[in-house]
Amino acid sequence: MTVQITALKPGEYTPLPDAGLGALRTGKGNLPLESVEVDARITALTCGVEVTQGFGNPFDVPLEATYVFPLPDRAAVTAFRMEADGRVVEGVLKERGQARQDYDQAVSEGRRAAIAEEERPDVFTMRVGNILPGELVTVRLTLSQPLPYEDGAATFRFPLVVAPRYIPGTPLDDRSAGDGVVPDTDAVPDASRITPPVLLPGFPNPVRLSLTARVDPGGLDLREMRSSLHVVTQEEGVVRLQPGERLDRDFVLRLDFTASGSLTLVPDRETDGGDAADGDGTFTLTVLPPEPDGQAARRPRDVALLLDRSGSMTGWKMVAARRAAARIVDTLTSADRFAVLSFDSVVERPDRLDAGLVPATDRNRYRAVEHLARLEARGGTEILDPMEQALGLLDDSTRERVLVLVTDGQVGNEDQILERLGARLAAVRVHTVGIDRAVNAGFLGRLAGLGSGRCELVESEDRLDEAMEHIHRRIGSPLVTGLSLKPDGLDVLPGTVTHLGSLYSGVPLTVSGRFRGPARGSVTVHGLAADGQPWERRLEGTPAEGDAARAVWARAHLRRLEDRYATGEHGLEREIVETSLRHGVLCRFTAFVAVDTRVVAEGGPAHRVIQPVEMPSGWEMPSPITGSPMIAAAPVAFTSDAAPAIFSLSAHESGPVAAGGGVPGAPGAFPARASAPRGRLFAASPKMAPPAPPVPHSPDAVRPQLVEELARLRERESLPAPERRLYLADLGSRLAALAAYVGGGDNELAVLARELSACETPGADVDALWAHAIKLLVELTGGTAGPGEAPKPGRRPSFWKRS
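Given below as structure tokens:
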């Protein structure tokens with residue numbers, strides 16, 4: 013069977029130019045990281061991945077290279093290997109302190125060594141020591157991960173860049189814990205380990221990226237594959253990235269599968285002695301939700317909606333976040349109560365809606381949406397205070413309590429937030445909407461996990477509608493609650509079953525745990541349906557083989573223990589380490605270390621470099637031309653009183669330095685502002701002047717997107733009227749953003765956007781609006797382009813002209 017691979021949405025990726033102002037250079041040659049290869053093998057709803065990183069030494073002395081990189085937040089890292097000069101050294105998983113000691117000793121003695129450490133669920137650090145001049149050292153990581161499934165599709169998401177994060181708190185006087193560009197603070201004591209330097213625009217492809225996904229449906233019906241990056245199919249079932257892609261956004265592959273309920277029983281693999289590793293095994297249970305009853309009554313809800321408007325949310329992310337928040341408000345009914353809190357360095361609420369939770373009447377919802385429509389990105393991501401305020405509003409509620417957070421999650425004080433709020437989050441339903449092309453998925457997933465909610469990741473505005481439909485379903489009442497398991501003939505080990513949660517429409521529930529004894533038996537899932545009646549589902553066990561099930565369970569179990577540790581249960585450290593070592597899965601308290609026995613350098617490395625990372629696609633860089641400290645551009649995290657800086661790699665042995673503040677007069681430098689509040693990205697306060705109106709852009713800049721919108725519009729002409737009505741409304745919101753981008757609110761494009769946005773009102777003529785939209789888009793693109801065609805030469809767009 014041949015499955016066509018299509019793009020999720022066109023126009024999502026714009027490569028940076030190969031040269032430009034502020035290009036990064038080093039005095040001794042290229043950067044140490046030469047290549048990243050990702051080889052993923054997807055079988056049904058499980059994926060095994062091998063990540064290979066190649067480090068070269070362009071210097072004339074031995075080198076130690078440090079690379080801060082992301083991995084999927086639910087992935088279990090199970091193996092590590094270093095290869096150099098024809099020698100292969102297998103990594104060993106050890107307690108983190110011991111692993112660091114072994115690495116440091118080996119490097120100081122002149123031996124090659126490598127160490128892999130977890131900083132956050134999706135942020136890792138690789139250090140490779142004593143790379144000889146002209147030598148290539150390769151390190152390989154092996155990991156397993158589950159694929160989330162809902163509404164008929166599984167998602168393989170592989171992150172490729174660690175985005176800059178806002179770091180709150182006061183800098184510490186102690187020696188930094190890492191080599192990053194931001195000092196450690198009292199709120200984020202390891203900030204220097206999660207803030208690598210950022211490449212300035214114009215650096216020509218610094219890293220060769222290769223990504224291959226081999227898809228085996230595993231008995232499921234695979235109908236379609238969709239990818240967020242350009243891909244080519246070399247052969248059936250194999251997806252490859254085109255050459256030249258940069259590590260500046262997550263890779264996302266969506267697989268349209270048919271799911272089915274199942275109970276798989278996987279005994280632990282036998283050791284050399286012939287016995288199972290520990291006499292146990294791992295079960296994985298998949299339960300399909302019942303068909304929803306449209307007549308079922310829904311409990312009234314109290315909903316607290318938090319919208320991140322910080323500096324990192326600039327551009328398309330702010331547009332998408334406003335739309336997401338407004339759509340959530342629109343799902344509420346008069347029986348519900350709600351509150352809207354927008355936050356950066358301060359927390360604001362809509363006018364006349366600042367008295368706690370208010371009824372979701374038409375008037376109150378209109379006021380909330382009006383407030384959301386005026387928000388622009390500014391300030392720092394101070395997320396703790398608004399979350400505490402929102403939980404305070406929900407604490408005394410007797411209704412169904414829901415907290416929705418819309419953000420990119422780019423903060424560094426995740427542990428502080430979880431420690432302060434973990435217990436309270438567990439008492440409400442928490443849904444997170446992560447909007448970014450390199451979102452902090454690990455943190456948002458942990459928040460949603462604590463609140464038994466949903467984490468929806470939106471890598472582009474065009475993906476927002478699909479994501480919001482999922483969130484709307486989640487905000488509604490679950491179909492089955494109070495779930496419990498009753499095994500029959502299967503000896504389930506106490507305390508090993510992962511979180512049960514609830515059953516929602518279109519979202520199968522996956523639960524795993526450990527069992528002892530033979531791999532046979534059944535499990536019955538019990539719960540209460542929405543109408544209060546008992547509900548149950550019985551599944552017979554099917555024996556299976558492999559290591560992925562155990563690794564995925566261990567990672568989920570460790571994550572739960574780590575979250576409990578972050579919320580104050582510090583006595584769990586020993587249990588976390590023992591669990592990690594027993595099951596061979598990396599966690600924050602352990603590390604993989606590989607040490608060669610051969611001495612190759614005297615006295616250790618003479619040069620140390622931390623690998624700069626790409627600025628995430630879609631993030632803007634502060635302009636080096638204007639020199640204004642108030643430019644609303646994508647932030648690089650900082651904590652000092654100086655203005656934000658863009659970081660480059662110094663040719664000096666000291667490693668990274670700031671190109672503003674650290675090196676006076678360097679390109680991209682900003683004047684220092686002693687009055688700027690500590691920890692804030694901008695000097696934002698209620699007394700500051702309102703932001704300047706957006707600068708109009710050339711209409712030519714949006715012409716390619718209009719061509720794509722026209723092509724998509726023609727492709728959907730055969731849709732039923734209700735679906736076309738919804739599509740026109742969403743198209744109107746996208747065109748409104750383009751109209752604002754080119755400037756002016758009364759041009760032809762803006763008028764069309766308003767007309768389409770109103771197409772869901774009663775009496776709107778969908779056929780007439782559809783034809784009008786096609787006609788005007790043809791005129792605005794200067795031709796009569798059909799689907800997939802370039803516009804024919806014609807007049808230049810005139811939509812910037814005032815009507």
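So in my numbering, spot 465 of the sequence shown is number 477, and the numbers just go up one at a time. Positions of the beta carbon are idealized from the N, C-alpha and C atoms, including for glycine.
Neighbourhood of Phe-355 by C-beta distance below 6 Å, restricted to the same chain and skipping five residues each side
Stepping through the sequence shown from its first residue, residue 355 is reached at position 343. Closer than 6 Å at Cβ, skipping near neighbours: Pro-398.
Cβ pair count under 8 Å reaching 3, the region 98 to 113 against the region 64 to 77
No contact exists between the region 98 to 113 and the region 64 to 77.
For Thr-591, does the three-state DSSP call read helix, strand or coil?
What you label residue 591 is simply residue 579 of the sequence shown in a count that begins at 1. Helix at Thr-591.
First through last residue of the alpha helix (DSSP H) which encompasses Gly-323:
In the sequence shown, residue 323 corresponds to position 311, counting from 1. Neither: Gly-323 is in no alpha helix (DSSP H) and is coded neither H nor E.
Span of the beta strand (DSSP E) holding Ser-354?
The count along the sequence shown starts at 1 and reaches residue 354 at position 342. Counting along the chain, the beta strand (DSSP E) containing Ser-354 begins and ends at 349 to 355.
Report the CB separation of Leu-551 from Val-564 in whole angstroms; it is logged as a contact under 8 Å.
To locate residue 551, count along the sequence shown from 1; it is residue 539. To locate residue 564, count along the sequence shown from 1; it is residue 552. Rounded, the Cβ-Cβ distance is 18 Å, inconsistent with contact.
Only counting the same chain, and skipping five residues up and downstream in sequence, which positions put a Cβ closer than 6 Å to that of Thr-298?
Taking the first residue of the sequence shown as 1, we reach residue 298 at position 286. Hits under 6 Å: Gly-273, Ser-274, Pro-520 and Thr-522.
Contact the region 584 to 599 vs the region 182 to 189: 3+ CB pairs below 8 Å:
no
For the putative contact between Val-492 and Leu-512, defined by C-beta atoms under 8 Å, what is the C-beta separation to the nearest angstrom?
The residue you call residue 492 lines up with position 480 of the sequence shown. The residue you call residue 512 lines up with position 500 of the sequence shown. So it is not a contact: roughly 10 Å between Cβ atoms.
Val-612 and Asn-142 look like a contact to me (Cβ under 8 Å); what is the Cβ gap, rounded to whole Å?
If you number the sequence shown from 1, residue 612 lands on position 600. If you number the sequence shown from 1, residue 142 lands on position 130. Right, the Cβ-Cβ distance comes to about 6 Å (below 8 Å), so this counts as a contact.
What first and last residue would you give for the beta strand (DSSP E) that runs through Asn-376?
Taking the first residue of the sequence shown as 1, we reach residue 376 at position 364. Premise fails: Asn-376 lies in the alpha helix (DSSP H), 374 to 385, not in any beta strand (DSSP E).
Excluding five sequence neighbours on each side, which residues of the same chain lie with their C-beta closer than 6 Å to the C-beta of Glu-833?
Lying outside 13 to 815, the shown extent of the chain, residue 833 is not represented and no answer is given.
Work out the CA separation of Phe-136 and Trp-328 for me, nearest whole Å.
Here residue 328 corresponds to residue number 316 of the sequence shown, with the count starting at 1. Here residue 136 corresponds to residue number 124 of the sequence shown, with the count starting at 1. Answer to the nearest angstrom: the Cα atoms are 28 Å apart.
Does the structure place the region 594 to 608 close enough to the region 164 to 173 that three or more beta carbon pairs sit under 8 Å?
no
Are the CB atoms of Val-210 and Pro-82 within a distance shorter than 8 Å?
Position 70 of the sequence shown, counting from 1, holds the residue named residue 82. Position 198 of the sequence shown, counting from 1, holds the residue named residue 210. No, Cβ-Cβ distance for Pro-82 and Val-210 is not below 8 Å.
Quick one, are the C-beta atoms of Val-61 and Leu-155 less than 8 Å apart?
Looking up residue 61 in the sequence shown gives position 49. Looking up residue 155 in the sequence shown gives position 143. A contact, by the Cβ cut-off of 8 Å.
Please return the same chain residues whose Cβ sits closer than 7 Å to the Cβ of Gly-529, not counting the five positions on each side in sequence.
By 1-based counting over the sequence shown, the position of residue 529 is 517. Excluding positions up to five away in sequence, the list reads Asp-503.
With a threshold of 7 Å on Cβ separation, who are the neighbours of Thr-345 within its own chain once the five nearest residues in sequence on each side are excluded?
Stepping through the sequence shown from its first residue, residue 345 is reached at position 333. Same-chain partners within the cutoff: Ala-372.
Span of the beta strand (DSSP E) holding Ile-447?
To locate residue 447, count along the sequence shown from 1; it is residue 435. From DSSP, the beta strand (DSSP E) with Ile-447 extends over 441 to 447.
Is the number of C-beta pairs between the region 559 to 574 and the region 310 to 326 that are closer than 8 Å three or more?
no
Taking Glu-49 as the reference, give the member of Ala-118, Thr-224, Asp-268 and Leu-57 with the closest Cα.
Taking the first residue of the sequence shown as position 1, residue 49 is located at position 37. Out of Ala-118, Thr-224, Asp-268 and Leu-57, Thr-224 has the C-alpha closest to the C-alpha of Glu-49.
Which one or two residues does DSSP pair with Ala-126 in a beta bridge?
Against the sequence shown, residue 126 aligns to sequence position 114. Paired residues: Val-140 and Ala-606.
If Asp-342 sits next to Arg-411, beta carbons under 8 Å apart, how far is it from one beta carbon to the other, in whole angstroms?
In the sequence shown, counting from the first residue as 1, residue 342 sits at position 330. In the sequence shown, counting from the first residue as 1, residue 411 sits at position 399. Rounded, the Cβ-Cβ distance is 19 Å, inconsistent with contact.
Start and end of the beta strand (DSSP E) containing Gln-65?
Taking the sequence shown and counting its residues from 1, the one referred to as residue 65 is at position 53. Element bounds for Gln-65: 58 to 68.
What are the partner residues of Glu-248, as DSSP defines its beta bridges?
In the sequence shown, the residue the question calls residue 248 occupies position 236. DSSP output for Glu-248 lists no bridge partner at all.
Rounded to a whole number of angstroms, what is the C-alpha to C-alpha distance between Leu-740 and Leu-768?
Looking up residue 740 in the sequence shown gives position 728. Looking up residue 768 in the sequence shown gives position 756. Cα to Cα, the separation comes out at about 6 Å.
If you reduce the DSSP assignment to three classes, tell me which class Glu-76 lands in.
Translated into the one-based positions of the sequence shown, residue 76 becomes position 64. Strand.
List the endpoints of the continuous alpha helix (DSSP H) containing Ala-199.
Position 187 of the sequence shown, counting from 1, holds the residue named residue 199. Here Ala-199 belongs to no alpha helix (DSSP H), and DSSP marks it neither H nor E.
Same chain, Cβ closer than 6 Å to Gly-463, neighbours up to 5 away in sequence not counted
For the purposes of this step, residue 463 is identified with residue 451 of the sequence shown, where counting begins at 1. Leu-437, Val-440, Arg-441 and Val-442.
Between the region 449 to 465 and the region 407 to 422, do three or more beta carbon pairs fall short of 8 Å?
yes
Pair within 8 Å by beta-carbon distance, Ser-357 and Glu-394:
One-based indexing of the sequence shown puts residue 357 at position 345. One-based indexing of the sequence shown puts residue 394 at position 382. Yes.
Thinking Val-140 and Ala-126 are a contact (beta carbons under 8 Å), I'd like their distance in whole angstroms, please.
Along the sequence shown, one-based indexing puts residue 140 at 128. Along the sequence shown, one-based indexing puts residue 126 at 114. The pair is a contact, with the Cβ atoms about 5 Å apart (cut-off 8 Å).
Would you mind working out which of Leu-384, His-595 and Val-227 sits nearest Thr-55, comparing C-alpha positions?
Walking along the sequence shown from the start, residue 55 turns up at place 43. Looking at the Cα atoms, Val-227 is the closest of the given residues.
Figure out for me which residue from Leu-761, Arg-728, Val-790 and Val-763 has the closest Cα to the Cα of Asp-779.
In the sequence shown, counting from the first residue as 1, residue 779 sits at position 767. Restricting attention to Leu-761, Arg-728, Val-790 and Val-763, the CA atom closest to the CA of Asp-779 is found in Arg-728.
Cα-Cα separation between Leu-234 and Gly-249, rounded to whole angstroms:
Indexing the sequence shown from 1 puts residue 234 at position 222. Indexing the sequence shown from 1 puts residue 249 at position 237. So the alpha carbons of these two residues sit roughly 10 Å apart.
Run the CB neighbour count on Ala-479, radius 10 Å, all protein chains shown included, and call it buried at 16 or more, exposed below.
Taking the first residue of the sequence shown as position 1, residue 479 is located at position 467. Ala-479 should be labelled buried.
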